[in-house]
Amino acid sequence: MCLYFDIEVREAEVSQDNLCLTAERAKVLIDERTIGVCPILGSTYNGEYEDVKGIHDMVQKLNKENGWDVPIHVDAASGGFVAPFTTPELLWDFRLPGVKSINASGHKFGLVYAGVGWLCFRDEASLPDEIVTHLDYLGGHQTSFTLNFSRPASQILAQYFMFLRLGFEGYTKVMNEALYSAQYLRQLLGALDAFEIVDKAHLPVVAFKLKTTKHYTLYDLQNELAGKGWQLPAYKCPPGADQVVIMRAVIRKDFTRQMVLNLFRDIAHAHDSLINNNCKAFSMDKLAAEIPPVGVSHENSGILQV
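In terms of the numbering used here, the sequence shown opens at residue 26 and continues consecutively.
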């Protein structure tokens, strides 16, 4: 989008101990020509929620002191369909007056197949007329601000169905179940003592790095797991921490406790194989008994403990 509209992008660097944008990091990049600050509710790298309220309050203070009107856009592609149901008390949305727009992906935790995304504006005044296209050749006056032009409506119908079918209560249960499974995987990986967890358990995403790269790298582990049918990406962190390589597992709504055990078993076998150059038998019974699944089964309800 910035390339399309010839907008200068200012990106804050991160650090190894904090992979997110902070109010302090954002403040030095803002001036009178800034047209928006964009915190992320659910980092692509480790699933962590950035401090939207802290960044918002800093921007509001700058606006008041300097007579500016710098808005906040929240990239909630992942967290937009999780936070409202798991942490409703978290302030990140239009309850903050400086938040003018929010995007969310229906094809991630919105539970719809790929292709649907949502962009919500606080009010009509928050949508600049410069990016709106007016047309009347389809029979009557219409407006559009997309860059994709003609798109099928099937994903919209699917999203509408999910809203009606699940409702707020259903989405809450689905997201909490995914968080339970993610927490179970975190505990299992922690017991293996080869990995360090680098996520904050905000999303159903488990991100981790190797405690040592003496024997192998996460790219090696990625290749081993691909041979078992698992797609777990390994990648470098953003500038400022780009010497750190991490891996993440995104837990879907249909990812059962047994699938968590299967994934961990394959990770453990791959770990042993890469260290010893041959795959040893790995006993799951003792470890599974010591670390029971957190949360509840799909037939019951409960509260996530992290």
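Where a beta carbon is used, it is the ideal one built from N, C-alpha and C, also for glycine.
Contact check, V285 vs L204, beta carbons under 7 Å: no
What residue from T112, D94, S169 and I292 has the CA that sits closest to G61's CA? D94
Report the rounded CA-to-CA distance for Q212 versus N201, giving the unit in angstroms. 17 Å
Just the C-alpha distance for C304 and A295, rounded to the nearest angstrom, thanks. The predicted model places C304 with a pLDDT of 46, which falls under 50 and marks its position as unreliable, so this point remains unresolved.
Straight-line CA distance for P263 to Q256? 21 Å
Examine the Cβ distances between the segment 239-246 and the segment 260-280 and report whether three or more of them are shorter than 8 Å. yes
If we ignore side chains and look at the alpha-carbon of each, how far apart do C63 and D218 end up? 36 Å
Can you check DSSP and say which residues form a bridge with I222? F233
In the DSSP assignment, find the unbroken beta strand (DSSP E) run with A108 in it and report its ends. That residue, A108, is in no beta strand (DSSP E); its alpha helix (DSSP H) goes A108 to T111.
Straight-line Cα distance separating E90 from L136: 43 Å
Runs of beta strand (DSSP E) lying entirely within the segment 243-297, each at least 3 residues, in chain order: 259-261 and 270-275
In chain order, each alpha helix (DSSP H) run of at least 4 residues that lies wholly inside the segment 156-211: none
Give the straight-line distance between the Cα atoms of T171 and L152, rounded to the nearest whole angstrom. 12 Å
Using C-beta distances below 6 Å, list every residue in its chain close to A183, excluding the 5 sequence neighbours before and after it, in chain order. V137
Given I5, which residues of its chain have a CB within under 6 Å of its CB, disregarding the five upstream and five downstream residues? The structure shown does not extend to residue 5, since the chain is modelled only from 26 to 331, so the question has no answer here.
Comparing alpha-carbon positions, which option in E155, D154 and S130 lies nearest W143? S130
What are the boundary residues of the alpha helix (DSSP H) that K89 is part of? V77 to N91
What's the C-alpha gap between F289 and M272? 14 Å
So the alpha helix (DSSP H) K125 belongs to, where does it begin and stop? Premise fails: K125 lies in the beta strand (DSSP E), V124 to S130, not in any alpha helix (DSSP H).
Compute the Euclidean distance between the alpha carbons of S126 and Q247, then round it to the nearest angstrom. 36 Å
Is it buried or exposed, E333, if we count other Cβ atoms within 10 angstroms and call 16 or more buried? As shown, the chain starts at 26 and ends at 331. That puts residue 333 outside it, with no answer to give.
Just to confirm, is the Cβ distance from F110 to Y196 under 7 Å? yes
Using a Cβ distance threshold of 8 Å, determine whether the segment 64-81 contacts the segment 93-107, with at least three qualifying pairs required. yes
For the alpha helix (DSSP H) that contains R50, what are its first and last residues? A48 to K52
Residues near L214 in its chain [Cβ-Cβ closer than 8 Å; skip 5 each side]: F220, I222, V231, F233, F289 and I292
W117 bridges to which residues according to DSSP? W117 is not bridged to any residue.
V53 and C45 look like a contact to me (Cβ under 8 Å); what is the Cβ gap, rounded to whole Å? With a Cβ gap of about 16 Å, V53 and C45 do not count as contacting.
Would I276 and S206 be called neighbours here (beta carbons separated by less than 7 Å)? yes
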